[in-house]
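Numbering (the working numbering), first residue to last: 93 to 277.
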């Protein structure tokens, strides 16, 4: 049995109507160390700005591109046991969705020591730090974990590389548009 939320629920969670519902003010510092100011760690004007940046990703056109995931979904389904036993899908889902691109993490020949797996391990450890700091609230300064800092740095390094790659692709795209002759008179 697979339990999931309908896509509409996910879209509603991030809708404008729910601005400020999360009550993040007391947890902002705990989230900030890993996530910075973004859609998952702020509310108010920062949240509105962050949401405006990612909203185009969830347009009907982009969400309808599911056939592009068919190959990866088939690999995912092959890894689920068919004998009816309970299975933890968390790590499989992590491998299926990393930064919106395939890293072939579901392939049988995939290297467990890859950057993607190291990132996921670091991210999970850093999430634990968020959880502990959130629970401690004003006493969060008491939580000192050198591994937490190391894992956050690893996450930031991995994400920064993807941001650099995206910015480079955008520069190349804009340069190619400039070099094309203008079809309009």
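Don't be surprised by glycine CBs; every beta carbon is placed ideally from N, CA and C.
From the options, residue whose alpha carbon lies closest to that of residue i
| i | options | result |
| --- | --- | --- |
| residue 250 | 208, 266, 135, 272 | 208 |
| residue 184 | 165, 175, 177, 174 | 165 |
| residue 221 | 173, 241, 260 | 241 |
| residue 214 | 226, 232, 239, 230 | 239 |
| residue 216 | 230, 186, 231 | 186 |
Residues of its chain near residue i, where Cβ-Cβ distance is below 7 Å and the 5 sequence neighbours each way are ignored
| i | result |
| --- | --- |
| residue 138 | 129 |
| residue 113 | For residue 113, the pLDDT reaches just 47, beneath the cut-off of 50, and the residue's location in the model is therefore unreliable, although a value from the coordinates is still provided. For residue 113, where only same-chain residues beyond five positions count, there are no Cβ hits under 7 Å. |
| residue 133 | 116, 120, 123, 124, 127 |
| residue 228 | 234, 235 |
| residue 146 | 131 |
Start-to-end residues for the alpha helix (DSSP H) that takes in residue i
| i | result |
| --- | --- |
| residue 181 | Premise fails: residue 181 is in no alpha helix (DSSP H) and is neither H nor E. |
| residue 163 | 162-170 |
| residue 257 | 238-271 |
| residue 124 | 120-127 |
| residue 147 | Segment: none, residue 147 is in no alpha helix (DSSP H) and carries neither H nor E. |
Contacting residues, own chain, Cβ-Cβ under 6 Å from residue i (five flanking each side not counted)
| i | result |
| --- | --- |
| residue 224 | 235 |
| residue 169 | none |
| residue 226 | 119, 122 |
| residue 142 | 130, 131 |
Beta-carbon proximity list for residue i, same chain, < 8 Å, skipping 5 on both sides
| i | result |
| --- | --- |
| residue 179 | 172, 173 |
8 Å contact criterion, which residue i and residue j should meet: CB distance rounded
| i | j | result |
| --- | --- | --- |
| residue 246 | residue 210 | 7 Å |
| residue 218 | residue 244 | 5 Å |
ask   = At what residue ranges does the region 207-233 contain a whole run of the beta strand (DSSP E), taking only runs of 3 or more?
value = Complete beta strand (DSSP E) runs here, min 3: none at all.
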